[in-house]
Amino acid sequence: MRLVILGGPGAGKGTQANQLYHMLQIPCISTGDLLRAAISDQTPLGQEARPYVEKGELVRDETMIEFIRKELIAPAMSKGWLLDGYPRTAFQAEELDFLLDELAQLLDWAIYLNVPNDVLMRRSLGRSRSDDRPEIVQRRIDLFHQRTVPILEYYERRQKLLTIDGNQAAEQIQQEILQKLMANPSS
Ligand code: AMP
Numbered sequence: 000m001r002l003v004i005l006g007g008p009g010a011g012k013g014t015q016a017n018q019l020y021h022m023l024q025i026p027c028i029s030t031g032d033l034l035r036a037a038i039s040d041q042t043p044l045g046q047e048a049r050p051y052v053e054k055g056e057l058v059r060d061e062t063m064i065e066f067i068r069k070e071l072i073a074p075a076m077s078k079g080w081l082l083d084g085y086p087r088t089a090f091q092a093e094e095l096d097f098l099l100d101e102l103a104q105l106l107d108w109a110i111y112l113n114v115p116n117d118v119l120m121r122r123s124l125g126r127s128r129s130d131d132r133p134e135i136v137q138r139r140i141d142l143f144h145q146r147t148v149p150i151l152e153y154y155e156r157r158q159k160l161l162t163i164d165g166n167q168a169a170e171q172i173q174q175e176i177l178q179k180l181m182a183n184p185s186s
């Protein structure tokens, strides 16, 4: 199974990705977690990403596309995966499709966790990450609408979009995702 999880900051992508990882036993790549680790380890990727992540801006598409490419061509990824926080722009989504074509793989579903803005803000402020300050969260929410929401239509047109009400308890969200995955054999 190959899945991407989309949603604004605080939508619950990480929580759901982690649950799905345990249920489906497929490797999960969280670009946000990997970037934060790269920043704290001061790797070249971390040094490049740091100013963007700290301000709530998106890291350059070229950097992210190259990064995901290296991850997904690894043999351990050939059986399936789950991407948390990628793609986040139309360019990333298109390049992901090109890469999958090249690898003769298919994306099964893009899962969208739909959560109202005020809830995204409240949940993000309940965390204590340095990029969860109010003005930065607001920027991340704005960028989510400008850059990531258009991708929903991209996946909708390809009949790959599963929209889930993300404004409910984590267990219920999990149930809904699993039900929809089972009810909709991917094409
Ligand atoms: P997240 O934990 O997924 O909200 O990501 C935290 C931060 O990492 C974001 O605010 C961006 O600065 C950066 N980031 C994560 N994934 C991407 C991506 N696919 N494209 C660009 N920037 C990203």
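Just so you know, we're using numbering that gives the first Met the number 0 here: the sequence shown kicks off at 0 and counts up by one.
Using N, Cα and C, we set each Cβ at its ideal position, and we do this for glycine too.
Every value quoted in this text rests on a predicted model; they were computed, and no experiment measured them.
When you compare only the Cα positions, how much space is there between I28 and L81? Counting from 1 along the sequence shown, the entry for residue 28 is found at position 29. Counting from 1 along the sequence shown, the entry for residue 81 is found at position 82. Answer to the nearest angstrom: the Cα atoms are 6 Å apart.
What's the C-alpha gap between I38 and R49? As a working mapping, residue 38 is identified with position 39 in the sequence shown. As a working mapping, residue 49 is identified with position 50 in the sequence shown. Going by the C-alpha atoms only, they are around 6 Å apart.
Under the criterion of a Cβ to heavy atom distance below 7 Å, does L57 qualify as lining ligand 1? One-based indexing of the sequence shown puts residue 57 at position 58. L57: yes, Cβ under 7 Å from ligand 1.
DSSP three-state label for N116, please. Position 117 of the sequence shown, counting from 1, holds the residue named residue 116. Looking at N116 - three-state DSSP - the assignment turns out to be helix.
Hey, G84 and K12 are a contact pair by Cβ (cut 8 Å); roughly how many whole angstroms apart? Along the sequence shown, read from residue 1 onward, the residue named residue 84 stands at position 85. Along the sequence shown, read from residue 1 onward, the residue named residue 12 stands at position 13. Rounded to whole angstroms, the Cβ separation of G84 and K12 is 6 Å, and the two are in contact under 8 Å.
Would you decide whether V52 is buried or exposed? Buried here means 16 or more other CB atoms lie within 10 Å of its CB. On the sequence shown, residue 52 is found 53 positions in, with the first residue counted as 1. Counting the other Cβ atoms within 10 Å of the Cβ of V52 gives 16 or more, which makes it buried.
Can you pull the DSSP bridge partners for Y154? Position 155 of the sequence shown, counted from the first residue, corresponds to residue 154. Answer by DSSP bridge pairing: none, since Y154 is not bridged.
Rounded to whole angstroms, what is the Cα-Cα separation between F90 and L98? Sequence index remark: in the sequence shown, residue 90 carries index 91 (1-based). Sequence index remark: in the sequence shown, residue 98 carries index 99 (1-based). If you take the alpha carbons of F90 and L98, they lie about 12 Å apart.
For S123, the three-state DSSP class (helix, strand or coil): Taking the first residue of the sequence shown as position 1, residue 123 is located at position 124. S123: helix per DSSP, three-state reduction.
Quick check: the Cα distance between G165 and D40, rounded to an integer number of angstroms? Residue numbering aside, residue 165 sits at position 166 when the sequence shown is read from its first letter. Residue numbering aside, residue 40 sits at position 41 when the sequence shown is read from its first letter. The alpha-carbon atoms of G165 and D40 are separated by roughly 32 Å.
Indicate, with yes or no, if ligand 1 has a heavy atom lying under 7 Å from the CB of A153. One-based indexing of the sequence shown puts residue 153 at position 154. Checking the displayed sequence, the identity of residue 153 turns out to be Tyr instead of Ala. Result no, Cβ not under 7 Å from ligand 1.
Smallest Cα separation from L177: which of P8, N116, R128, M22? Reading the sequence shown from its first residue, position 178 is the one you call residue 177. The residue with the shortest Cα to Cα distance from L177 is M22.
Confirm, please, whether the CB-CB distance from R132 to P8 is below 8 Å. For the purposes of this step, residue 8 is taken as the residue at position 9 of the sequence shown. For the purposes of this step, residue 132 is taken as the residue at position 133 of the sequence shown. Going by C-beta atoms, P8 is not nearer than 8 Å to R132.
Hey, out of R59, L95, L44, whose CA is closest to R68's CA? Within the sequence shown, numbered from 1, the residue matching residue 68 stands at position 69. Per the Cα distances, L95.
What does the Cβ neighbour count give for I172, buried or exposed, with the cut at 16 atoms within 10 Å? For the purposes of this step, residue 172 is taken as residue 173 along the sequence shown, with counting starting at 1. With 16 or more other Cβ atoms within 10 Å, it is buried.
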